[in-house]
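Residue numbers (the numbering used here), protein chains in the order written: chain A, -18 to 249; chain B, -18 to 249; chain C, -18 to 249.
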Amino acid sequence: MGTTTAVLARDCAEALQELRDRAPLVQCLTNIVVAQWTANVLLATGAAPAMVDNPEEAGAFAAIAGGVLINLGTPYAETAVAMERAVTSATRAGTPWVLDPVAAGALAWRTEIARKLLAESPTVLRGNASEVMAMTGGTGGKGVESVDSPEAALPAARELAGVHGTVVAVSGPVDHLTDGERVVRVGNGHVLLTRVTGVGCALGALMAAFAAVVDDPLVAAVSATATLTVCADSAAGQVRGPGSFAVALLDELALLTPQDLATRVLLS
Amino acid sequence: MGTTTAVLARDCAEALQELRDRAPLVQCLTNIVVAQWTANVLLATGAAPAMVDNPEEAGAFAAIAGGVLINLGTPYAETAVAMERAVTSATRAGTPWVLDPVAAGALAWRTEIARKLLAESPTVLRGNASEVMAMTGGTGGKGVESVDSPEAALPAARELAGVHGTVVAVSGPVDHLTDGERVVRVGNGHVLLTRVTGVGCALGALMAAFAAVVDDPLVAAVSATATLTVCADSAAGQVRGPGSFAVALLDELALLTPQDLATRVLLS
Amino acid sequence: MGTTTAVLARDCAEALQELRDRAPLVQCLTNIVVAQWTANVLLATGAAPAMVDNPEEAGAFAAIAGGVLINLGTPYAETAVAMERAVTSATRAGTPWVLDPVAAGALAWRTEIARKLLAESPTVLRGNASEVMAMTGGTGGKGVESVDSPEAALPAARELAGVHGTVVAVSGPVDHLTDGERVVRVGNGHVLLTRVTGVGCALGALMAAFAAVVDDPLVAAVSATATLTVCADSAAGQVRGPGSFAVALLDELALLTPQDLATRVLLS
């Protein structure tokens, strides 16, 4: 506890307070599996979700949203067009946006889409270790699950951060986040997070929410990670299995105070 | 309690009994965020959901369904075609149908779709205050959330009801419903309803279910609102946050008796 | 208990142990209503879901997946193409696959799709009685619900099994499963399973998961049915209604031991 980390516990607490005060509008272009869960995670935490993911509206909405999530969980030709338009519009309007290249490396078509979107310099790139490594040309994981550790992906994460001017967040037992220079680790991960679908996807959405209210994208990404994993820790202590865990996690997100977050987050 | 309202508590109780006895088949053309939740709300209450939303089948199915929901939460070009066909078929067959113009006013493309569908005279138009006001040409809310009160939307609701021969239901802390002449207020709203995604969407589906078994569309819309909000009140008293609230709300919908509903609904 | 059934309780226990040990990758081309629920059922039980359902990737992924689910709950033109490609690829690669013809018989377009897919000889065909009977040319049920009993569908199931070389699983109060010669009944069904959307859909996904780790498709289908219904029994004893039932069911799937499964499954 004696060393100073690049992002402080109190930065996370202040970011959460900002999110609660401003209830940022978060546009999600996400997958059919986790759309409801993602919206509920955003609502519970205090943000305002809007799943505007069609080509006709995605661009215009990205200009007025506080933050945008682009998640490649179940892409279709039409969604891919909507994503391009949302990113172009977000970039022009200065809206922060998060890229979550789900299963990149394991599947060729979406990997190509993910690389094109990454070239547009997202505010945050979020994935598991295999997905992040695939963004540098690696071959990726087994479907949607990582076969690599966050530690192993850190060099790739630093490289991508430097090349694209993005914060890279690698999820895992200990989350690793970097803007290319600073590195922050969040140590509150819990194994039950891997037994519920869409936790990583919801984390990407939370990063877009925090990026809407915090200037430093690394602080935003770390605060989102801290918020989700601290609440997961709380939830895990009360439950019998993954069903009740997911329910309790939503409750904890709504109950979490900035003070609790600052006290409990494990940063290094 | 001395005054008589246009819809009585015992009308709601009888409607719920009808719904339980007849288990109406409700076709939902709804959004990817709330499809599961909507189906579970219908099942818990006693209706039979069927999410038939492709252009090939939507028209034929609307002729045999008991009621149809058209919800514009995440419209795509293909869904919009399916919606047109379902509405044409429902109108021809005399199947009651509900229009829920999610985020109308805030997004241009869907607002146009919503206005075209409204011109087909839905049995019920359901939305928050901003959405309803947008249907008369207003500019609408912030994304999917209302920036206006139900009271403020009542003139617009009356106008739309008169022009289109539809019941208009405006959701909010106190729900306001009108068929252009009669006005009914349901006062059981709870703030937790705004912390779970898709409650309004599910309410639209319940209105289609009640309209399938009750002749007077105002009674159907009021009964659906009463059922959902009375159960929300019950659920809110037992829970820690929005996760457990959503779970308890489904339980309460299954447990609610017509007698309970009549006793607890706050009509004015 | 004195008679010997074609599949034994200890076969189910061994299959579950295999599933836990090998965490098979299950590709799901399923509907927008149950995608999240299906993924969570697979994760809770011990499998690894991947909802790869676009035409660009579905074929390639079916060659590397352990098992594939094709579910016709909400088909679209694009999904239908993806399904064809996944089935062609699965067949070529020897990947077991499950066909769930949701609402076949009640809706013409999907019935045609279902019959074409059935002609490709799925490893398992799973449906309710009306859906299975519709596959032989019957006219089917009321929307997604069965109007026939599993017993009544057994002749159709035997016929389909013989013609297509597939195991046919008919869900209902007592599940009936046959490979054309052997017939197995699983008697753990609970009425609450009909009050939560997507339980049958998730059962199809579990069958794909078990077929990925067990050579005999009848053992796989019976083990999946046993796992889900034994857990449903456990869950039903603890809950107030369908909301808490769905949550408890996920918990029970994660907690179930092979020993418990063997002790509690009712085979005949």
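Glycine included, C-beta positions come from ideal geometry on N, C-alpha and C. Please read all numbers here as calculations on a predicted model, not as lab measurements.
### Query
Under three-state DSSP, which class holds serine 130 of chain A?
Judged by DSSP in its simplified three-state form, serine 130 of chain A adopts coil rather than helix or strand.
### Message
Less than 9 Å between the C-beta atoms of leucine 10 of chain B and alanine 63 of chain B, yes or no?
### Response
Yes, the pair counts as a contact, with Cβ atoms nearer than the cut-off.
### Query
With which residues is valine 167 of chain B paired in a DSSP beta bridge?
DSSP, once it has assigned bridges, lists B:Asp156 and B:Leu248 as partnering valine 167 of chain B.
### Query
Is the distance from the Cβ of glycine 181 of chain B to the Cβ of aspartate 81 of chain B below 9 Å?
Closer than 9 Å, so yes.
### Task
Just mark glutamate 38 of chain B as buried or exposed, buried being the case when its beta carbon has 16 or more other beta carbons within 10 Å.
When all chains shown are included, glutamate 38 of chain B counts as buried.
### Task
With 9 Å as the limit, tell me which residues of the stretch -2 to 22 of chain B have their beta carbon closer than that to any beta carbon of chain A; keep them in chain order.
Those residues of the stretch -2 to 22 of chain B that come within reach of chain A (Cβ to Cβ, closer than 9 Å) are Asn12, Ile13, Val14, Val15, Ala16, Gln17 and Trp18.
### Task
Determine, using beta carbons only, whether valine 79 of chain B comes closer than 9 Å to chain C.
The beta carbon of valine 79 of chain B sits no closer than 9 Å to any beta carbon of chain C.
### Query
Alpha carbon to alpha carbon, what distance is there between arginine 3 of chain C and alanine 74 of chain C?
The straight-line gap separating the alpha-carbon atoms of alanine 74 of chain C and arginine 3 of chain C is approximately 19 Å.
### Closer than 9 Å to chain C by CB, alanine -10 of chain A
So no, alanine -10 of chain A is outside the interface.
### Task
List the residues of chain C that methionine 32 of chain B touches, going by C-beta distances under 8 Å, in chain order.
Neighbours of methionine 32 of chain B on chain C, chain order: Asn12, Ile13, Val14, Gly54 and Thr55.
### Members of the stretch 225 to 241 of chain B near chain C, C-beta cut-off 8 Å
Of all residues in the stretch 225 to 241 of chain B, those with a C-beta nearer than 8 Å to a C-beta of chain C are Ala227, Val228, Ala229, Leu230, Leu231, Asp232, Glu233, Leu234, Ala235 and Leu236, reading in chain order.
#### Entry: Bridge partner(s) assigned by DSSP for glutamine 8 of chain C
DSSP output for glutamine 8 of chain C lists C:Ala31 and C:Val49 as bridge partner(s).
### Query
Going straight from the alpha carbon of alanine 28 of chain A to that of leucine 209 of chain A, what length do you get?
Their backbone Cα atoms lie some 14 Å apart in a straight line.
### Beta-carbon separation (whole angstroms), leucine 158 of chain B vs threonine 117 of chain B, contact threshold 8 Å
Cβ atoms of leucine 158 of chain B and threonine 117 of chain B stay farther apart than 8 Å, at about 17 Å.
### Query
Which first and last residues belong to the alpha helix (DSSP H) in which glycine 185 of chain C is found?
That run of the alpha helix (DSSP H) goes 180 to 192.
### Query
Would DSSP call alanine 100 of chain B helix, strand or coil?
Assignment of alanine 100 of chain B by DSSP, reduced to helix, strand and coil, places it in the coil class.
### Message
Helix, strand or coil for arginine 176 of chain C? Go by DSSP, reduced to three states.
### Response
It is coil, neither helix nor strand.
### Query
Near arginine 96 of chain B, what residues of its chain come up, given a Cβ to Cβ distance below 6 Å and the 5 sequence neighbours on each side ignored?
Correct list: empty, nothing qualifies.
### Task
Output the distance between the C-alpha atoms of alanine 110 of chain C and proline 198 of chain C, rounded to the nearest integer angstrom.
Distance between alanine 110 of chain C and proline 198 of chain C, taken at the CA atoms: about 20 Å.
### Task
Determine the chain C residues that contact alanine 63 of chain A at a beta-carbon separation under 7 Å, and present them in chain order.
Think of a sphere of 7 Å around the beta carbon of alanine 63 of chain A: no beta carbon from chain C falls inside it, the nearest being about 14 Å out.
### Query
Does the distance from the C-beta atom of arginine 91 of chain C to that of proline 36 of chain C stay below 9 Å?
Taking 9 Å as the Cβ cut-off, arginine 91 of chain C and proline 36 of chain C do not qualify as a contacting pair.
### Task
Assign proline 30 of chain C to buried or exposed, taking buried as 16 or more other Cβ atoms, counted over all protein chains shown, within 10 Å of its Cβ.
Classification for proline 30 of chain C: buried.
### Task
Have a look at the DSSP bridge pairing and note the partners of tryptophan 78 of chain A.
Bridge partners of tryptophan 78 of chain A: A:Val49.
### Task
Drop a sphere of 10 angstroms on the beta-carbon of serine 249 of chain C, count the other beta-carbons inside from all chains shown, and report buried for 16 or more, exposed for fewer.
It is exposed - the Cβ of serine 249 of chain C has fewer than 16 other Cβ atoms within 10 Å.
### Message
If I measure Cβ to Cβ from alanine 193 of chain C and keep anything under 7 Å in the same chain, skipping five residues before and after, which residues do I get?
### Response
Exclusion of the five residues before and after alanine 193 of chain C leaves Pro5, Val7, Gly47, Gly48 and Pro77 as the residues of its chain whose Cβ lies within less than 7 Å of its Cβ.
### DSSP three-state assignment for leucine -11 of chain A, whether helix, strand or coil
When DSSP states are grouped into helix, strand and coil, leucine -11 of chain A belongs to the coil group.
### Cβ-based burial, proline 136 of chain C [other Cβ within 10 Å; buried from 16]
Exposed is the call here.
### Message
Restricting to Cα atoms, I'd like to know which of C:Thr72, C:Leu(-11) and C:Gly146 is closest to glutamate 162 of chain C.
### Response
Here the closest residue by C-alpha is C:Gly146.
### Query
glycine 168 of chain B and valine 155 of chain B: beta carbons closer than 9 Å?
A contact, by the Cβ cut-off of 9 Å.
### Message
Does chain A have any CB closer than 9 Å to the CB of valine 172 of chain B?
### Response
It does not; no Cβ of chain A falls within 9 Å.
### Task
Output, in chain order, the set of chain C residues within a Cβ distance shorter than 9 Å of leucine 24 of chain B.
Chain-ordered, the chain C residues with CB closer than 9 Å to the CB of leucine 24 of chain B read Thr175, Arg176, Val177, Thr178 and Pro223.
### Task
Answer yes if the stretch 12 to 19 of chain C comes into contact with the stretch 10 to 20 of chain B, meaning at least three C-beta pairs across the two stretches below 8 Å, and no otherwise.
Judged by Cβ distances under 8 Å, the stretch 10 to 20 of chain B makes contact with the stretch 12 to 19 of chain C, as three or more pairs qualify.
### Message
Taking the straight line between their C-alpha atoms, what separation do you get for aspartate 196 of chain B and threonine 104 of chain B?
### Response
Each residue's Cα considered, the two are about 11 Å apart.
### Message
Counting only C-beta atoms, is alanine 41 of chain A closer than 9 Å to chain B at any point?
### Response
So, interface residue.
#### Entry: alanine -6 of chain A to aspartate 214 of chain A span [Cα, whole Å]
Going by the C-alpha atoms only, they are around 17 Å apart.
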